[in-house]
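**Q**
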Amino acid sequence: MNFASRMSRVSVSPTLKVGADADRLRRAGVDVVDLGAGEPDFATPEHVKQAAHDAITANFTKYTASSGVIELRNAVAQRYRLDHGVDIKAEEVIITAGAKQALYNTAMALFEAGDEVITHGPFWPSIGDQIKLADATPVIVQTHMEDGFCIKAAPIIEAITPRTKAIIVNSPCNPTGALISEPEMALIADAAAARGIWVIVDFTYERLIYEATPHNLIKVLFDRMRDRTVICSGASKAYAMTGWRCGWAVGPKAMIAQCNVIQGHATSNISSITQRAAIAALTGPQDGVTAMLDEYRKRRDAVHGWLTADPRFVCVKPSGAFYLFPYVADLLSPTGIRSTGEFAELLLNEVAVAVTPGEGFDAPGYFRLSYATSIERLKEGCDRIKSFVEKLESTGKLTAAR
Ligand SMILES: Cc1ncc(COP(=O)(O)O)c(C=O)c1O
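So the numbering used here is basically just the index in the sequence shown, starting at one, shifted up by 267.
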């Protein structure tokens, strides 16, 4: 069929594919331990759900302004004022169907054929594919397990060419859980400001940072280059609201207006009911966010401990988000399993554990394990992964654990 040529440049989101495969098995009655899902297992907080019920009862069920109701745009602005000390006006905010649409609108508004857009790898696949959908070229600067996948300014600045239109930074990063430090962000901002390059921060996991770490990227960027900064984030991860589809982009008024032109033709406003719920999430009590973070921290420490007790699983302890990203290439090489895609398929089919292969993140040799699930299921999942590795061992394909 004669699809548009851009379709040959992109592929199905690998993270969504894992979910679909796991779902198929589950529907067939298999007890799948799903460590693939990039979403909180917690319920959306009660007061947020109540606000949605109230919106329906009040018949708040019509179209709203395409960019979102003013109360929600103000709520986003107020959240950043309280959390980061920056002053943002409602016209600098657009409400989108998740951070994904915020990033997509931004890509469509800014990138075109001939542009290069720098980001760091391993990366969340939609970042690369959205750049390609906008006809631009992703330029990937790799981060390295040896130094905790830290996002460093120097290699990013070195990758700048006269064609560079933007730099996208994802911190905390999916899949590595790494952060960029404020000084490194400042170096990138200074280099970008001097060359008229946009900086886009995917701040989706902004509320999921485990140790007290200075991470006021908005202030760092606003102080240096507010006129070319876009912050994309959303309610999905912080408030356990993935299915509600609420995100936002914060940027210069003119840029947000362009995003609204795109959104106005593509999807219009997000659900009016979700908007009321998101206002409650952003302006209501925030202790639920901290409680979830505390629980994720416990899980991170437990799963990291269980996995790395076998030295064949080499794994950085992540600073943020809710993923572990173990390196297993050396473990797999004597087995004849050629990729972590194949490894993930075998794990699913043989021991019913869903993980996401590293190839999807441009990181062969790794797989991503989400710890956004209960500690019991995580233990079960780790036990099954280890039993699978032991089975490989018993077939003589692996040498015994060192
Ligand atoms: C790095 C990153 N950015 C953006 C998103 C999009 O999240 P949402 O559209 O649910 O806000 C995700 C979701 O997994 C993500 O991992």
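Each residue gets a CB set at the ideal place from its N, CA and C atoms; glycine is no exception.
Assign Leu349 to one of two classes, buried (16 or more other C-beta atoms within 10 Å of its C-beta) or exposed (fewer than that).
**A** Position 82 of the sequence shown, counting from 1, holds the residue named residue 349. The residue is exposed, with fewer than 16 neighbouring Cβ atoms inside 10 Å.
**Q** Using C-beta distances below 6 angstroms, list every residue in its chain close to Leu484, excluding the 5 sequence neighbours before and after it, in chain order.
**A** For the purposes of this step, residue 484 is taken as residue 217 along the sequence shown, with counting starting at 1. So the qualifying residues of the chain are Met452, Val468.
**Q** Do Asp469 and ligand 1 come close, with the Cβ less than 7 angstroms from some heavy atom?
**A** Counted from its first residue, the sequence shown places residue 469 at position 202. Under cutoff, so the answer is yes.
**Q** By Cβ distance below 7 angstroms, which residues in the same chain neighbour Trp515 in space, the five residues on each side in sequence not counted?
**A** On the sequence shown, position 248 is the one that residue 515 refers to. Excluding sequence neighbours, Trp515 sits near Val343, Val360, Ile361, Ile362, Thr363, Ala369, Ser500, Gly501.
**Q** Kindly list the residues whose CB is nearer than 6 angstroms to the CB of Ala458, restricted to its own chain and excluding five residues on each side of it in sequence; keep chain order.
**A** Start at 1 with the first residue of the sequence shown, and residue 458 comes out as number 191. The residues are Ile424.
**Q** Does DSSP put Gln409 in a helix, in a strand, or in coil?
**A** By one-based count along the sequence shown, residue 409 stands at place 142. Three-state DSSP puts Gln409 in a strand.
**Q** Given this structure, state the Cα-to-Cα distance separating Pro624 from Pro442, to the nearest angstrom.
**A** Here residue 624 is taken as the residue at index 357 of the sequence shown, counted from 1. Here residue 442 is taken as the residue at index 175 of the sequence shown, counted from 1. Pro624 and Pro442: Cα-Cα distance of roughly 11 angstroms.
**Q** Between the region 564-574 and the region 404-419, are three or more C-beta pairs nearer than 8 angstroms?
**A** They do not touch, by the three-pair rule.
**Q** Quick one: what does DSSP say Trp465 is sitting in, helix, strand or coil?
**A** By 1-based counting over the sequence shown, the position of residue 465 is 198. Residue state, collapsed to three classes: strand.
**Q** What residue does the alpha helix (DSSP H) around Glu383 start on, and which one ends it?
**A** The residue given as residue 383 occupies position 116 in the sequence shown. Counting along the chain, Glu383 falls outside any alpha helix (DSSP H), though it belongs to the beta strand (DSSP E) covering 383-388.
**Q** Relative to ligand 1, is the shortest distance from any of its heavy atoms to the C-beta of Lys284 smaller than 7 angstroms?
**A** Position 17 of the sequence shown, counted from the first residue, corresponds to residue 284. Incorrect: Lys284 has no Cβ contact closer than 7 angstroms to ligand 1.
**Q** Could you give the first and the last residue of the continuous alpha helix (DSSP H) run that contains Trp573?
**A** What you label residue 573 is simply residue 306 of the sequence shown in a count that begins at 1. Where Trp573 is concerned, the enclosing alpha helix (DSSP H) stretches over 554-575.
**Q** Is the region 309-325 touching the region 546-556 in the sense that three or more CB pairs, one from each, lie closer than 8 angstroms?
**A** Verdict: yes, contact present.
**Q** Taking a contact to mean a Cβ-Cβ separation below 8 angstroms, would you say Ala460 touches Arg491 in this structure?
**A** As a working note, residue 460 is residue 193 in the sequence shown. As a working note, residue 491 is residue 224 in the sequence shown. Yes.
**Q** Once the 5 residues before and after Pro481 are set aside, which same chain residues still bring their CB inside 7 angstroms of it?
**A** Residue numbering aside, residue 481 sits at position 214 when the sequence shown is read from its first letter. So the qualifying residues of the chain are Glu449.
**Q** Compute the Euclidean distance between the alpha carbons of Pro631 and Ala596, then round it to the nearest angstrom.
**A** On the sequence shown, position 364 is the one that residue 631 refers to. On the sequence shown, position 329 is the one that residue 596 refers to. Taking the straight line from one Cα to the other gives about 8 angstroms.
**Q** At the level of alpha carbons, what is the spacing between Thr386 and Ile546?
**A** The residue given as residue 386 occupies position 119 in the sequence shown. The residue given as residue 546 occupies position 279 in the sequence shown. Whole-angstrom Cα-Cα distance: 31 angstroms.
**Q** So Ala543 packs on Ala322, CB below 8 angstroms; how close in whole Å?
**A** One-based indexing of the sequence shown puts residue 543 at position 276. One-based indexing of the sequence shown puts residue 322 at position 55. Correcting the residue type first, residue 543 is Arg in the shown sequence and not Ala. Yes, Arg543 and Ala322 are in contact; Cβ-Cβ is about 4 angstroms, under 8 angstroms.
**Q** Looking at the unbroken beta strand (DSSP E) that takes in Arg579, where does it start and where does it end?
**A** The sequence position of residue 579 within the sequence shown is 312, counting from 1. Per DSSP, Arg579 belongs to no beta strand (DSSP E) and is neither H nor E.
**Q** Only counting the same chain, and skipping five residues up and downstream in sequence, which positions put a Cβ closer than 6 angstroms to that of Tyr506?
**A** Looking up residue 506 in the sequence shown gives position 239. So the qualifying residues of the chain are Ala548.
**Q** According to DSSP, is Ser637 helix, strand or coil?
**A** Here the question's residue 637 lines up with position 370 in the sequence shown. Three-state DSSP puts Ser637 in a strand.
**Q** Helix, strand or coil for Ile418? Go by DSSP, reduced to three states.
**A** In the sequence shown, residue 418 corresponds to position 151, counting from 1. DSSP places Ile418 in coil when its eight states are reduced to three.
**Q** Taking the continuous beta strand (DSSP E) assigned at Ser500, which residues delimit it?
**A** For this step, residue 500 is matched to residue 233 along the sequence shown. Segment 496-501, the beta strand (DSSP E) holding Ser500.
**Q** Verify the contact flag: Thr509, CB atom, against every heavy atom of ligand 1, threshold strictly below 7 angstroms.
**A** To locate residue 509, count along the sequence shown from 1; it is residue 242. Yes; taking the cut-off as 7 angstroms, the Cβ of Thr509 has a heavy atom of ligand 1 nearer than that.
**Q** Name the DSSP beta bridge partners of Gly514, please?
**A** As a working note, residue 514 is residue 247 in the sequence shown. Thr363, Gly501, per the DSSP bridge assignment.
**Q** For ligand 1, is there a heavy atom less than 7 angstroms away from the beta-carbon of Ser503?
**A** As a first step, residue 503 is located in the sequence shown; it is residue number 236 there, counting from the start. Ser503: yes, Cβ under 7 angstroms from ligand 1.
**Q** Among the candidates Val570, Asp577, Leu598, Arg495, whose CA atom is the shortest distance from the CA of Ala376?
**A** Locating residue 376 in the sequence shown gives position 109, where the first residue counts as 1. Of the candidates Val570, Asp577, Leu598, Arg495, the one whose C-alpha sits nearest the C-alpha of Ala376 is Arg495.
**Q** If you measure from the CB of Asn441, is any heavy atom of ligand 1 nearer than 7 angstroms?
**A** Taking the first residue of the sequence shown as 1, we reach residue 441 at position 174. Yes, since a heavy atom of ligand 1 falls inside the 7 angstroms radius drawn around the Cβ of Asn441.
**Q** Between which two residues does the alpha helix (DSSP H) holding Asn341 run?
**A** In the sequence shown, residue 341 corresponds to position 74, counting from 1. It spans 337-351 - the alpha helix (DSSP H) in which Asn341 sits, taken as one unbroken run.
**Q** Which residues bound the alpha helix (DSSP H) around Lys658?
**A** Translated into the one-based positions of the sequence shown, residue 658 becomes position 391. Note, Lys658: alpha helix (DSSP H), 642-661.
**Q** Hey, out of Asn341, Leu614, Ser278, Asp650, whose CA is closest to Trp391's CA?
**A** Position 124 of the sequence shown, counted from the first residue, corresponds to residue 391. When only C-alpha atoms are compared, the closest one is Ser278.
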